[in-house]
Amino acid sequence: MPTDAAGLTQEDVATMSLHEEFEAYRQHYEHMQELLAGAQRSVNHGPWDWIGGDRVPGIGGDGLEPLPGADTLNSYDLRTDRIWEPPGATGDARDLQPMVDYFDEQGWRHREGHPGRDHDTWAKTDDGWQIEYVVQPNGRYSLTVYSELFWTNDDLALMEAVGGRSDGVYPEASLPGEYPPFPDWDDPIINPPKI
Numbered sequence: 001m002p003t004d005a006a007g008l009t010q011e012d013v014a015t016m017s018l019h020e021e022f023e024a025y026r027q028h029y030e031h032m033q034e035l036l037a038g039a040q041r042s043v044n045h046g047p048w049d050w051i052g053g054d055r056v057p058g059i060g061g062d063g064l065e066p067l068p069g070a071d072t073l074n075s076y077d078l079r080t081d082r083i084w085e086p087p088g089a090t091g092d093a094r095d096l097q098p099m100v101d102y103f104d105e106q107g108w109r110h111r112e113g114h115p116g117r118d119h120d121t122w123a124k125t126d127d128g129w130q131i132e133y134v135v136q137p138n139g140r141y142s143l144t145v146y147s148e149l150f151w152t153n154d155d156l157a158l159m160e161a162v163g164g165r166s167d168g169v170y171p172e173a174s175l176p177g178e179y180p181p182f183p184d185w186d187d188p189i190i191n192p193p194k195i
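Quick note: UniProt numbering has the sequence shown finishing at residue 195, numbered continuously throughout.
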């Protein structure tokens, strides 16, 4: 039986209610934010720009690691992105070093690459999350945290359960560790799905 990023099989998840899946998703989301904040602080304690929302589950099926049997309805992933612009930054490969040092401190396997004119470093955490830091010649430095796939009983139902309770409002910028609160299961549906 293939296990997902949480070590669960499809059969394990089949016994869960939507409420239980919602709470498991909350834990994954909060862990993602912790990973993001740690990586952010290794290079910049100041504000980071948001690229978009990150609260609703991503559409599954494809993933960073194959999950046999996964499709767009029975799996999901998580992703969050931030950008900052250091004064005078030019995308020099040396600007990766603080993040590389952070990855080394954590004991995470990592690699460096050169996609086009950009430079990047990428790490995989001990629990299967992936972190990528890219420095670009235009001075915009981006940080992304990705999960591998998680099983769900119904990706659309989970998206509606989370997204329906979320106001969809995100800041333009925030400090590491700051993000809008995740909704509670008892919160009302304020964004019903559009049919």
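Backbone N, C-alpha and C define an ideal beta-carbon position, used for all residues, glycine too.
Could you please give the first and the last residue of the uninterrupted alpha helix (DSSP H) stretch that includes residue i?
{"i": "D4", "result": "Neither: D4 is in no alpha helix (DSSP H) and is coded neither H nor E."}
{"i": "D12", "result": "10 to 14"}
{"i": "E172", "result": "Looking at the DSSP string, E172 is not in any alpha helix (DSSP H), and its letter there is neither H nor E."}
Check residue i in the structure and name its three-state DSSP category.
{"i": "A70", "result": "coil"}
{"i": "G38", "result": "helix"}
Less than 8 Å between the CB atoms is what I'm expecting for residue i and residue j, so what's the real figure, rounded?
{"i": "L156", "j": "S75", "result": "Their Cβ separation, rounded to whole angstroms, is 12 Å, which puts L156 and S75 out of contact at 8 Å."}
{"i": "P192", "j": "G164", "result": "6 Å"}
{"i": "R79", "j": "T121", "result": "No, R79 and T121 are not in contact; Cβ-Cβ is about 18 Å, not under 8 Å."}
{"i": "G58", "j": "D71", "result": "With a Cβ gap of about 13 Å, G58 and D71 do not count as contacting."}
{"i": "T125", "j": "L35", "result": "7 Å"}
{"i": "S147", "j": "W129", "result": "6 Å"}
{"i": "M99", "j": "V56", "result": "Wrong, their Cβ atoms sit about 27 Å apart, outside the cutoff."}
{"i": "F103", "j": "A89", "result": "Not really, about 20 Å apart at Cβ, beyond 8 Å."}
{"i": "D4", "j": "L67", "result": "6 Å"}
Mind checking which residues open and close the beta strand (DSSP E) that includes residue i?
{"i": "D49", "result": "48 to 50"}
Counting pairs of Cβ atoms below 8 Å between the stretch 184 to 191 and the stretch 111 to 130, do you hit three or more? no
3-residue-minimum beta strand (DSSP E) runs that sit fully inside the stretch 76 to 163, ordered along the chain: 79 to 84, 109 to 113, 119 to 124, 130 to 135, 141 to 146
Counting pairs of beta carbons, one from the stretch 130 to 142 and one from the stretch 13 to 28, are three or more of them closer than 8 Å? no
For the stretch 83 to 94 against the stretch 35 to 51, are there 3 or more C-beta pairs whose distance is under 8 Å? yes
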